[in-house]
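Following this note's numbering, the numbering of the sequence shown begins with 5 at its first residue and continues without gaps. Cβ atoms here follow ideal geometry from the backbone N, Cα and C, with glycine treated the same way.
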Amino acid sequence: MNKDISVIRREYLYASLTEAEMSADPVEQFHRWFEEARTAGIDLPNAMSLATAGSDGMPSVRIVLLKDYDSDGFVFYSHADSPKGRQLAENPRASLLFYWPVLDRQVRIAGVVSHVSNTEADEYFQSRPYASRLGAWAAKQSSVITGRKVLDERMGELEVMYGDRPVPRPTEWIGYRVKPETIEFWQGRESRLHDRICYALSGDRAWVMQRLAP
Ligand SMILES: Cc1cc2nc3c(=O)[nH]c(=O)nc-3n(C[C@H](O)[C@H](O)[C@H](O)COP(=O)(O)O)c2cc1C
5 MNKDISVIRR EYLYASLTEA EMSADPVEQF HRWFEEARTA GIDLPNAMSL ATAGSDGMPS
65 VRIVLLKDYD SDGFVFYSHA DSPKGRQLAE NPRASLLFYW PVLDRQVRIA GVVSHVSNTE
125 ADEYFQSRPY ASRLGAWAAK QSSVITGRKV LDERMGELEV MYGDRPVPRP TEWIGYRVKP
185 ETIEFWQGRE SRLHDRICYA LSGDRAWVMQ RLAP
C-alpha cells in the first residue's frame, strides 16, 4: 500500500482577498462567494460540514445541505431525534464549514441555533421529491438497522400507505437556523500566506472585520 501522503500538497494560486473588496455585510460577502462557487460548477456547493457538541462536550461533525440563508441565518434540515438533533437540543450552538477547492476557498461560520417555523419547514418539506418525503418517514436517523431490506420494505409500505395522497412532514423532521456570530473567509495564497478575513459581532451587534494571520 502506498501510504506516502506527506507529499500531497499544492500551491493555492486562484485569487487574493483584500479588505477593500469585501462587503461590510458578511452575509452579502457569503452570497458573492456562494454564487461564484455555483458558477464555477462545483458539485453541491451547498454541502457544508456541521459541527456540534452536546452536553458531554464531544465534538461531532457531518455534512448537511444548506437550504436557505439570509441575515437571519443559515438553514439546514434534519431529524430532531438524530444524534445531531439531540446535541443541538442540549447545546444550541454550531459551526458550519464550506470548502470549495477549485476556488481555494473556505468559509467558516459559528453561531447560535434555533428552529425554523413549522410553516417554513412544511413549505420546504413539500417542495422535496415524493421519494425523499417518504424517505423522511422510513427510519429513525442514525438508529441501528438489521439490513438494507428494512428500508426497502418500509418504503414499500409507505408507498402503499400514502399512494398519491400528500405526505405530511414528520414532526421530528425540522429545520435549523444558525444565526452567525462569526464568519471567516479564507482564500488560499502562495507559500501558505493565505488571506483570512473574519467578521465578528461587536457588543452593539455591528459587524467588525479583522484580518487573521494564516
Ligand atoms: C452530501 C451530503 C448531504 C447530506 N445532507 C444532509 C442533510 O441535509 N440533512 C441531514 O440530516 N443529513 C444529511 N446528510 C447525512 C449526514 O451527513 C449524516 O450522516 C446524518 O445526518 C446523521 O448524522 P448524525 O448521526 O450526526 O445526526 C448528508 C450527507 C452528505 C454526504
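inquiry  = With DSSP as the reference, identify every bridge partner of Phe-78, one or two as the case may be.
reply    = Within the sequence shown, numbered from 1, the residue matching residue 78 stands at position 74. Bridge partners of Phe-78: Tyr-73, Val-182.
query = Considering Tyr-203, what are the terminal residues of the alpha helix (DSSP H) in which it resides?
reply = Taking the sequence shown and counting its residues from 1, one reaches residue 203 at position 199. Unbroken run through Tyr-203 is the beta strand (DSSP E), 199-205; no alpha helix (DSSP H).
message = Taking the alpha-carbon of Ala-142 as reference, which of Gly-179, Val-154, Pro-133, Gln-191 has the nearest alpha-carbon?
response = By 1-based counting over the sequence shown, the position of residue 142 is 138. The candidate whose alpha carbon is nearest that of Ala-142 is Val-154.
ask   = Measuring CB to CB, does Tyr-203 end up less than 8 angstroms from Trp-211?
value = Here residue 203 corresponds to residue number 199 of the sequence shown, with the count starting at 1. Here residue 211 corresponds to residue number 207 of the sequence shown, with the count starting at 1. Closer than 8 angstroms, so yes.
Touching by the beta-carbon criterion (3+ pairs, under 8 angstroms), the segment 56-68 and the segment 77-95 = The segment 56-68 vs the segment 77-95: in contact.
query = Of the residues Ile-178, Tyr-128, Gln-110, Glu-124, which one's Cα is nearest the Cα of Ala-41?
reply = Position 37 of the sequence shown, counted from the first residue, corresponds to residue 41. Of Ile-178, Tyr-128, Gln-110, Glu-124, the residue nearest in Cα terms is Gln-110.
Distance between beta carbons of Ala-44 and Val-106, contact taken as under 8 angstroms = Counting from one through the sequence shown, the residue named residue 106 turns up at place 102. Counting from one through the sequence shown, the residue named residue 44 turns up at place 40. Indeed they touch by this definition, with Cβ atoms about 6 angstroms apart.
task = May I ask you to report which of helix, strand or coil DSSP gives Ser-59?
result = Taking the first residue of the sequence shown as 1, we reach residue 59 at position 55. Here Ser-59 sits in coil by DSSP.
message = Can you tell me where the alpha helix (DSSP H) holding Ser-86 begins and where it ends?
response = Here residue 86 is taken as the residue at index 82 of the sequence shown, counted from 1. Element bounds for Ser-86: n/a, residue is neither H nor E.
key: Nearest residue (CA-CA) to Arg-13, options Val-171, Ser-195, Arg-169   = The count along the sequence shown starts at 1 and reaches residue 13 at position 9. The candidate whose alpha carbon is nearest that of Arg-13 is Ser-195.
task = Could you tell me which of Glu-23, Glu-176, Pro-30, Leu-17 sits nearest to Arg-209, measuring between CA atoms?
result = Residue mapping note: residue 209 aligns to position 205 of the sequence shown, counting from 1. Out of Glu-23, Glu-176, Pro-30, Leu-17, Pro-30 has the C-alpha closest to the C-alpha of Arg-209.
inquiry  = Considering only DSSP beta bridges, list what Val-212 is partnered with.
reply    = Position 208 of the sequence shown, counted from the start, is the residue given in the question as residue 212. In the DSSP output, where bridge partners are listed per residue, Val-212 has Ala-204.
message = Which residues end up in the neighbourhood of ligand 1 when you take C-beta atoms closer than 7 angstroms to any of its heavy atoms?
response = Counting only residues whose CB is nearer than 7 angstroms to a non-hydrogen atom of ligand 1, the list in chain order is Leu-48, Ala-51, Ser-64, Arg-66, Ile-67, Val-68, Leu-69, Phe-80, Tyr-81, Ser-82, His-83, Ser-86, Pro-87, Lys-88, Gly-89, Gln-145, Ser-146.
message = On a Cα-Cα basis, can you pick out the residue from Asp-108, Thr-175, Leu-100, Gly-167 that is closest to Tyr-18?
response = Within the sequence shown, the letter at position 14 stands for residue 18. Cα-wise, what sits closest to Tyr-18 is Asp-108.
Residues near Asn-95 by beta carbon distance below 8 angstroms, same chain, minus five either side = Residue 95 sits at position 91 when you count from the first residue of the sequence shown. Taken in chain order, the residues that qualify are Thr-56, Ala-57, Gly-58, Ser-59.
ask   = Buried or exposed: which applies to Pro-184, given that a residue is buried once 16 or more other Cβ atoms fall within 10 Å of its Cβ?
value = Residue numbering aside, residue 184 sits at position 180 when the sequence shown is read from its first letter. Its Cβ being crowded by 16 or more others within 10 Å, Pro-184 is buried.
request  = Per DSSP, which residues does Tyr-103 bridge with? Please list them.
outcome  = For the purposes of this step, residue 103 is taken as residue 99 along the sequence shown, with counting starting at 1. Gln-110, per the DSSP bridge assignment.
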